[in-house]
Every structure is written in structure tokens, then in C-alpha cells.
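K.L.:
Structure incoming, see below.
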Amino acid sequence: MQPELRITSQTAELALSANKVLRNTYMLLGLSMLPTVIGAMIGISLNFSFMAQSPFMGFILMMAVMFGLFWGISKNRDNGLGVVLMLALTFFMGLMLGPILQAALHLRNGAQLVGIAAGGTGVIFFSLATIATVTKKDFSFMGKFLFIGLILLIVASLANLFFQIPVMQLTISAIAVLIFSGFILFDVSRVVTGGETNYVMATLAIYLDIYNLFVNLLSLLMALSGERD
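45 is the number of the first residue of the sequence shown in the working numbering; add one for each residue after it.
Shown next, in the form of C-alpha cells:
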């Protein structure tokens, strides 16, 4: 086989492999929304007073469960247990939406704000995913900046657990919307360009992008447009 034909054949195989990973990722991503919704519906009716009384301990507990599931998913990324753990994680993440959904639904226009946040998240995701898929541009150069931004965001969020400054929380949410929008572009691009070849791990990354985008978009809408009694 001539070198040119060999290169063309390898390129075609890589493209087919990337398309398969992307297709499986979107299928699992769609499936993961079901336990998220179920978890959120249960979470709305739960009492999260312990988290309000001790937000730092609540945060530590939540992170411990999350990272335990992250570890399990990573270890089982190539078998069916990884998918099961992924769905367990999305159910847990749905439960953790309870406090913010409870706060939103206590507003006169809370249901509308939740719908707008969900719709806005969907529009942002599909727009950025389409850009990454159609252009096939490599957005890996964004990785370092996004990672640094994420670390600073976590530090600022932890600090605000103690200070409880409304303006600071508003700023954190606005920056988080930008950062996780960037992560959507980055993570979808990694699948399209062959940087991520495991659909379970790809789903995990994109799911967390969407989840955090929704939470922070809803926080912004509640702060700026919430109608209190």
C-alpha cells in the first residue's frame, strides 16, 4: 500500500472511531438525564437542613461521594459496571439539585426560571457541541486556562461558604457559566479529534459541564430575576 493511501485509510479509521465514541457518548448522556430528573424530583422533597447548618461539612460529604463514584467509573470505564456507576452518579447529582430547586420554587416565578435555565443550558450545549463537531477544530489549547479557572472558582466558592457575600456569589456564578461553556467546547472537541476514546469518560466530563452550567445559570437567574413574595 502506498504511503498516501495508508495515511488516508488511517485517517478514515480514526474518524469512524471518533464518530462511534461521540454517538455512544450522546446516547449515554441522554440516558443519564433520566436518573438526574428522578433524583431531582426526590431531592425537592428532602430536608437539607443539615447542609444549611453546616455548609462546609455538607460540601465535604458531597465531594466524598462524588469522588468515590468518579474513581469507580474510571476504574470500570471499559465494562458495564462503569455505565451503572455513571447512572448512579447522575441520580446522586439529581438529588444534590434539591436545595437550589427548593429555593427556586419558593419564588413566584421559580418554575419559569428553572425552565429558562434548562432551556438556556440546552441551547448553549447544542450550539457549542455543534461548533466542535462541525469545525472539527482542536480546542485542546483551552485546557490549561480552563483548569486554572476551575481551581480559582473552587477556591472562591469555598471562601464564600464562610463569607456569604451575595455579590461574590453572583460573580462566581457568572464566571462559572463562562468556564463550563468553555469546558463543553473543550470536552466535545476531545472526542471529535480522538483525544478521548472512551465514551463513558467522555460522558462523565460532558455531563459535569452541563450540570454545572445549569446550576450556575439558575443561580444567576434567581439572583437577577427572582420574584420574591
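Note that CB positions come from ideal geometry on N, CA and C, so glycine has one too.
Beta-carbon within less than 7 Å of V235's beta-carbon, same chain only, minus the 5 sequence neighbours each way: which residues are those?
P.N.:
Within the same chain, V235 has close Cβ partners A62, V65, L66, T69, A246.
K.L.:
For a minimum of 4 consecutive residues, which ranges assigned as the alpha helix (DSSP H) are wholly contained in the segment 121-171?
P.N.:
List check, alpha helix (DSSP H) in window: 124-139, 142-149.
K.L.:
Compare the C-alpha of N256 against each of W115, L141, A203 and name the closest.
P.N.:
Checking every option, the nearest Cα to that of N256 belongs to L141.
K.L.:
In the DSSP assignment, find the unbroken alpha helix (DSSP H) run with M238 in it and report its ends.
P.N.:
In the sequence as displayed, the identity of residue 238 is Gly instead of Met. Where G238 is concerned, there is no enclosing alpha helix (DSSP H), given that its DSSP letter is neither H nor E.
K.L.:
If you measure between the beta carbons of S217 and S263, is that distance less than 8 Å?
P.N.:
Cβ atoms of S217 and S263: closer than 8 Å.
K.L.:
For A176 and F191, I'd like the C-alpha separation in whole angstroms.
P.N.:
One C-alpha to the other measures close to 19 Å.
K.L.:
Pick from V127, Q213, F169: whose alpha carbon is nearest that of I254?
P.N.:
Measuring from the Cα of I254, the nearest candidate turns out to be F169.
K.L.:
Closer than 8 Å is the cut-off here; do at least three beta carbon pairs connect the segment 125-143 with the segment 78-98?
P.N.:
They touch, by the three-pair rule.
K.L.:
Just checking my contact of V128 with V244 at CB under 8 Å: how many whole Å lie between their CB atoms?
P.N.:
Contact doesn't hold; Cβ gap of about 10 Å is too wide.
K.L.:
Contact between the segment 220-234 and the segment 153-172: three or more CB pairs below 8 Å?
P.N.:
Yes: at least three Cβ pairs fall under 8 Å.
K.L.:
Tell me whether the beta-carbon of P99 lies closer than 8 Å to the beta-carbon of L205.
P.N.:
Taking 8 Å as the Cβ cut-off, P99 and L205 qualify as a contacting pair.
K.L.:
Going by C-alpha distance, which of G239, V232, A200, G238 is nearest A220?
P.N.:
Answer by Cα proximity: A200.
K.L.:
For F183 versus L229, is the C-beta distance shorter than 8 Å?
P.N.:
Yes.
K.L.:
From which residue to which residue does the alpha helix (DSSP H) around S98 run?
P.N.:
S98 -> no alpha helix (DSSP H), and no H or E assigned at all.
K.L.:
Label D122 either buried or exposed according to how many other C-beta atoms from any shown protein chain fall within 10 Å of its C-beta, with 16 as the threshold for buried.
P.N.:
It counts as exposed.
K.L.:
Could you check the C-alpha separation between G25 and L73 for me, to the nearest Å?
P.N.:
Nothing in the structure corresponds to residue 25, since the chain is present only between 45 and 273.
K.L.:
So the alpha helix (DSSP H) L90 belongs to, where does it begin and stop?
P.N.:
Element bounds for L90: n/a, residue is neither H nor E.
K.L.:
With a CB to CB cut of under 7 Å and the five nearest residues on each side skipped, what residues in its chain are close to M106?
P.N.:
Cβ neighbours of M106 beyond the five flanking positions: M140.
K.L.:
Using the beta-carbon count (16 or more within 10 Å), is S233 buried or exposed?
P.N.:
Classification for S233: buried.
K.L.:
Go ahead and label M266 buried or exposed: buried means 16 or more other beta carbons lie within 10 angstroms of its beta carbon, across all protein chains shown.
P.N.:
When all chains shown are included, M266 counts as buried.
K.L.:
Leaving out five residues before and five after I51 in sequence, what residues of the same chain have Cβ atoms less than 8 Å from its Cβ?
P.N.:
Any reading at I51 needs caution, since the residue's pLDDT is 49, under 50, leaving its predicted position unreliable; the model's value is listed next. Excluding residues within five positions, none has a Cβ falling inside 8 Å.
K.L.:
Where do the N-terminal and C-terminal ends of the alpha helix (DSSP H) with I250 fall, by residue?
P.N.:
Segment 243-269, the alpha helix (DSSP H) holding I250.
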